[in-house]
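Working notes, beginning with the structure itself.
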Amino acid sequence: MVACGTPARTRAKSRLKAGCRQDWLPHIDCPTGAAHIDEAAIIEAKQVEKVYGQPGESRIQVIAPTDLAVYPGEILALLGPSGSGKSTLLRILTGLSKPSAGEVLWHGKPLAGTCPNVSIVFQSFALFPWLTVLDNVQAPLRAIGTPPHERMKRSLRTIDSVGLDGFETAFPKELSGGMKQRVGFARALVVEPEVLFMDEPFSALDVLTAENLRAELLELWEGKKMPTRAVFIVTHNIEEAVSLADRVVVLGKNPGRIRTDFRVAIPRPRDRKNPHFLEIVDYIYRVLTQPDAPPAPEPGQPAAASERAAKQAYPMLPHARPGGVAGLVELLLDRNGRDDIYHLADELAFEIDDLLPIVESASLLGYITVKEGDAELTPEGRAFAEADILHRKELFRKSAAERIPLIRQIVRSLESKSDHSMPDEFFRDMLEEHFSEEETGRQLETAVNWGRYAELFDRDAASGRFYISEEGHNH
Amino acid sequence: MTLPVLSRSAIREQSWSALVDLLVFSIVLAAIFGVLAVGRYWLGAVTPAAQISHSPSALPKYAFYSLVRMTVAYFLSLGFAVGYGYIAAYTPRVEAVMIAALDILQSIPVLSFLPGVMLAMAALFPSRQLGLELGSIVLIFTGQVWNMAFSFYSSLKSIPRELREAADIYRFDRWQRFLELELPYATIGLVWNSIVSVASGWFFLMACEMFVLRNHDFRLPGLGSYLQTAASNDDTGAIVWGLAAMIAVITLIDQIVWRPLIAWSDRFKFEQVESSNKVTSPILHLLLSSRAFHWVSAHAVQPAWNRLTAHAAGLTPRPPKPPRAPSARAAAWMVPAAGVALLLLAAYALFQAALALKGVTLAELLSTMTAAGATFVRVIVALLIASLWTIPAGVAIGFNRKLARIAQPLAQIAASVPATALFPVVLLLLVRIGGGLSVGAVVLMLLGTQWYILFNVIAGAMAIPTELREAASVFRFNRRQRWTTVILPGIFPYLVTGLVTASGGAWNASIVAEYVHFRKETLSTLGLGAQITAASEAGNFSVLLLSTIVMAVLVVCINRLVWRPMYRLAETRYRLEA
Chain G
8 MVACGTPART RAKSRLKAGC RQDWLPHIDC PTGAAHIDEA AIIEAKQVEK VYGQPGESRI
68 QVIAPTDLAV YPGEILALLG PSGSGKSTLL RILTGLSKPS AGEVLWHGKP LAGTCPNVSI
128 VFQSFALFPW LTVLDNVQAP LRAIGTPPHE RMKRSLRTID SVGLDGFETA FPKELSGGMK
188 QRVGFARALV VEPEVLFMDE PFSALDVLTA ENLRAELLEL WEGKKMPTRA VFIVTHNIEE
248 AVSLADRVVV LGKNPGRIRT DFRVAIPRPR DRKNPHFLEI VDYIYRVLTQ PDAPPAPEPG
308 QPAAASERAA KQAYPMLPHA RPGGVAGLVE LLLDRNGRDD IYHLADELAF EIDDLLPIVE
368 SASLLGYITV KEGDAELTPE GRAFAEADIL HRKELFRKSA AERIPLIRQI VRSLESKSDH
428 SMPDEFFRDM LEEHFSEEET GRQLETAVNW GRYAELFDRD AASGRFYISE EGHNH
Chain B
44 MTLPVLSRSA IREQSWSALV DLLVFSIVLA AIFGVLAVGR YWLGAVTPAA QISHSPSALP
104 KYAFYSLVRM TVAYFLSLGF AVGYGYIAAY TPRVEAVMIA ALDILQSIPV LSFLPGVMLA
164 MAALFPSRQL GLELGSIVLI FTGQVWNMAF SFYSSLKSIP RELREAADIY RFDRWQRFLE
224 LELPYATIGL VWNSIVSVAS GWFFLMACEM FVLRNHDFRL PGLGSYLQTA ASNDDTGAIV
284 WGLAAMIAVI TLIDQIVWRP LIAWSDRFKF EQVESSNKVT SPILHLLLSS RAFHWVSAHA
344 VQPAWNRLTA HAAGLTPRPP KPPRAPSARA AAWMVPAAGV ALLLLAAYAL FQAALALKGV
404 TLAELLSTMT AAGATFVRVI VALLIASLWT IPAGVAIGFN RKLARIAQPL AQIAASVPAT
464 ALFPVVLLLL VRIGGGLSVG AVVLMLLGTQ WYILFNVIAG AMAIPTELRE AASVFRFNRR
524 QRWTTVILPG IFPYLVTGLV TASGGAWNAS IVAEYVHFRK ETLSTLGLGA QITAASEAGN
584 FSVLLLSTIV MAVLVVCINR LVWRPMYRLA ETRYRLEA
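This is the structure we're talking about:
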């Protein structure tokens, strides 16, 4: 575990510094050198950790011991691929979920129950469909016992401020997605929270509506029309993070841990074509596409602990379809075998959650190499891209069976049985030692998908057994 | 001049409202009188076997008494269901036990509760009619509470996580969470289950109002006892009058209570987009536009509600104090103590039950087993016959919108007539044709349960996407292929739901179907239901206990071994993704 000699406060700072790469990126500042060196954190998580599973059984670490603090006056964006525990971390910071180890401090005092003065804007809006807009906004005030007159005044004022004037008596189901999320904002702001938490607030909205709401949020924040001291936004959209945040924290997955934490010092309004903006976006892509490379920890720092935990983890099968991998490889072939991943995502209008598993799969299969945010085709990848359908399957079969541990393991187990079949509980049990139940299901689903494409094995849904089909076994 | 601008529709709206106001006031007056009448009757001296009049002029009074019983039993059920569901959902330690208990209690037929309930109530109020009445009410209650409790429990369990988190982060206390999140979320399920429960209450009304216990006649004035007396005296005129009254009451309740309730509960639908088809209720519309209603709402309901929530908000100190050690310690001590007490009680009951069962002779055991077999066969035959006609009919109705518009309301009216009320008529016919009660019991099960299958099949057929049916036409599927690849798999989940409900209903119906007082004599046939009824009348406690246990075990086993796997299949393989 982590060396316990250093006091927690300094360790927290050094962790942040460790993730920072000031040397080659001039517009990224370390938070330690920035404004809040003398300002106390509002919420501070110390070595929080989340583990699923009963004591004694196999335990799955979802979040490795992590330090994270929210300071007054900042918009903090928490960015990461799916499975990195962003939402779990948000729930730990707000007190909705208890960490398995470590503690959360609210103004320096340990937290009991939920945070006394925070709000959350939810991805799915989480409005009460049976209450009108006005009643939805009033509900939190009623909970804290605000007198009716005052309650009404404050609710109406907040509803006005988010541009919902005239919709007070409407029910949520009568509103469009963007309007619903405005109600979500109004409900969050009406209690004048010290920290406003947002859990992917724009990802259920279409692109234009999301852009519009982001701009209005910034306007409220910049114009100090928002009674909040800090904003904490969880997102998987890199550009959203860079355009909104004063500080970006990037999480890695398996288990979730902080990969990098830096300040964005571009003045607002931020132009997406600005070279500094692009530089930062590119940097985040580079961090995200190299999941195993630690972002240069300083010597002698305890930062390596979480990285070590990551190394021990069972290699995870990325949730991509073989067809997606083939598509990426073909696209790269058209681009002379090399392209910037950020460009690819931009052109395909993919978010990182969609693109990263494909990139990861292609690189696991040995079709591409990822360097400095660029993807480059390998000779195998070139051969795969140029092959016809049948030949392609053969190539895929070979590389999947050789290079992907889970596929290899399934094939070997099936081959060792005389009837070439196994119940899926066997693989389920095996995987559940490393993953949560949900993730185990997804891993097996992806494995079946790959196995079928490669014609290595199949699964019979009715009996719940994996088997090598006669045809498949002849290869 | 501005006067003519006052539009005609507005005037009509106004005059309607005044009429409704008048109606509301007269209803309030009638209610006050009713409460007084019921109070006088309940607190009066006991008349265990009231003389049941044959005259149609007595019907309004009887209908009123039955209605009061049903209403009280229903609200009792509602309260119990909410409490039970709430405790089960939020107490992980007892959750599994409570849900299993619900499963078993649901499979115990109404009459098996009869001796215990009646004796307890008579002991509580020995000199008042109240005791008997309460007994009857509790009997009706045992027939309708379980599915409501289960519905409330599963609604609580399925509240979306983010809504719960919203309630937590905005610091709703238990009371506000209940009123603004849990109760609204559960409303739709509760309303639909209430309708099913009350329908089953009507089904067993005859059994609950008139019964024999230890060779003692118990008769409570009401519609059920009126019908039963008419049937056993072979008074066809009275049967027709009674039936008409019952159908009238049920139709009225459907229009005055359930339809407005369904229309009103639409606002609690958990959907983000407004759906196109809605149930409408002219009565709800009238009520909402009534001035009296608004006045009461503005001057009584709203202030009371505000005071209630404000009071609740004031109850919990804010911010809540973390050290709650004393109460926590008390709770920590109370829970195991309550558990131990409950276990002791259960052990004592088991011991007593074992003692009672020791008196069962081998012959009785054998006859119980054969009886169980006979009823089992009857249930299967009833389900088969029901499926044979409802599946083709339901699919035809579901596929044809025009036909559906005509057939659905008709079927709803047909379904709302309690089968037990029709039973005497059916028996008369059967006796004339020459069929015995053994066949008659199957007919009654069929009458009572086929509707569940029909309605579910209609819903299932409507849910099959048009594209699938079009594909079947384009590829020239023949009739057989159409049924096996499109229709049957498509309606499968709905069919399973219908069959489960129908199977439970059929088992319960055996109680009233296999043992009948008819034309001043007692008809009975071999069956578990007949055995339970006979044992309850004779006060043969050991046989009653044995046959109840056999029935509960059978029903629970069938649920676990047949229906649950089919449900799983329906949820995985035959699910039509929207």
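Listed in order, the protein sequences are those of chains G and B. In this text, residue positions in the first sequence follow this note's numbering: the first is 8, and each later residue adds one. In this text, residue positions in the second sequence follow this note's numbering: the first is 44, and each later residue adds one. Glycine is no exception: its CB is placed at the ideal position from the N, C-alpha and C atoms.
Between the alpha carbons of serine 585 of chain B and leucine 480 of chain B lies a distance of about 26 Å. Following the DSSP letters along the chain, one finds leucine 362 of chain G inside the alpha helix (DSSP H) bounded by residues 359-371. At least one beta carbon of chain G lies nearer than 8 Å to the beta carbon of isoleucine 212 of chain B. Taking 4 residues as the shortest admissible run, the region 126-159 of chain G contains the following complete alpha helix (DSSP H) segments, listed from N- to C-terminal end: 140-150.
Judged by their CB atoms, leucine 438 of chain G and leucine 451 of chain G are nearer to each other than the 8 Å cut-off.
If you check the CB distance, phenylalanine 174 of chain G and valine 125 of chain G do not come in under 8 Å.
About 13 Å separates the beta carbon of alanine 333 of chain G from that of alanine 407 of chain G, a gap too long to meet the 8 Å contact definition.
Ser126, Ile127, Phe129, Gln130, Ser131, Phe132, Ala133, Leu134, Phe135, Pro136, Trp137 and Leu138: these are the residues of the region 126-138 of chain G whose beta carbon lies less than 9 Å from some beta carbon of chain B, given in chain order. Taking the C-beta atoms as reference points, leucine 266 of chain B is found nearer than 8 Å to alanine 106 of chain B.
The beta carbon of arginine 310 of chain B falls within 8 Å of a beta carbon belonging to chain G, placing the residue at that interface.
In the three-state DSSP reduction, proline 79 of chain G falls in the coil class, being neither helix nor strand.
Taking 8 Å as the cut-off, the Cβ atoms of leucine 75 of chain G and isoleucine 291 of chain G do not count as close.
Sixteen is the threshold: since fewer than 16 other Cβ atoms of the shown chains lie within 10 Å of the Cβ of tryptophan 376 of chain B, the residue is exposed.
Secondary structure note for histidine 350 of chain G: its alpha helix (DSSP H) is the uninterrupted segment 348-355. The region 528-547 of chain B and the region 492-506 of chain B touch, with no fewer than 3 CB-CB distances between them shorter than 8 Å.
Secondary structure note for leucine 110 of chain B: its alpha helix (DSSP H) is the uninterrupted segment 102-133.
Under DSSP, glutamine 68 of chain G takes part in a beta bridge, and its partners are G:Val58. Below the 7 Å Cβ cutoff, chain B contributes Tyr213 and Glu223 as neighbours of alanine 146 of chain G, in chain order. Contact of glutamate 208 of chain B with chain G by beta-carbon distance below 8 Å involves Arg98, Leu103, Ile127, Phe129 and Ala133. At least one CB atom of chain G sits nearer than 8 Å to the CB of proline 227 of chain B. Interface flag for glutamate 205 of chain B against chain G is set, since a Cβ pair is found closer than 8 Å. For glutamine 271 of chain B, not one C-beta of chain G is nearer than 8 Å to its own C-beta. Nearest to glutamate 337 of chain G by alpha-carbon distance, out of G:His326, G:Leu362 and G:Gly388, is G:Gly388. Listed by position along chain B, the residues whose Cβ is nearer than 8 Å to that of isoleucine 417 of chain G form an empty set, because the closest Cβ is around 22 Å away. Note that the C-beta distance between alanine 515 of chain B and arginine 525 of chain B is below 8 Å. The closest CA to that of aspartate 268 of chain G, considering only G:Val294, G:Thr447 and G:Pro282, is found on G:Val294. DSSP places valine 422 of chain B within a helical segment (H, G or I) once states are collapsed to three. Shortest Cα-Cα distance from valine 486 of chain B to any of B:Ala414, B:Leu426 and B:Leu157 involves B:Leu426. Not a single CB atom of chain B sits nearer than 8 Å to the CB of valine 69 of chain G.
If you check the CB distance, proline 155 of chain G and leucine 196 of chain G do not come in under 8 Å. Distance from the CA atom of lysine 232 of chain G to the CA atom of glutamate 223 of chain G, rounded to whole angstroms, is 11 Å.
Per DSSP, methionine 429 of chain G is one residue of the beta strand (DSSP E) stretching across 428-430.
According to DSSP, glutamate 564 of chain B shares a beta bridge with B:Phe561.
The alpha-carbon of glutamate 157 of chain G is positioned some 18 Å away from that of arginine 214 of chain B.
Here DSSP, grouped into helix, strand and coil, assigns proline 123 of chain G to coil. Residue ranges of uninterrupted alpha helix (DSSP H) with 4 or more members, entirely inside the region 181-242 of chain B and ordered along the chain, are 204-212 and 217-220.
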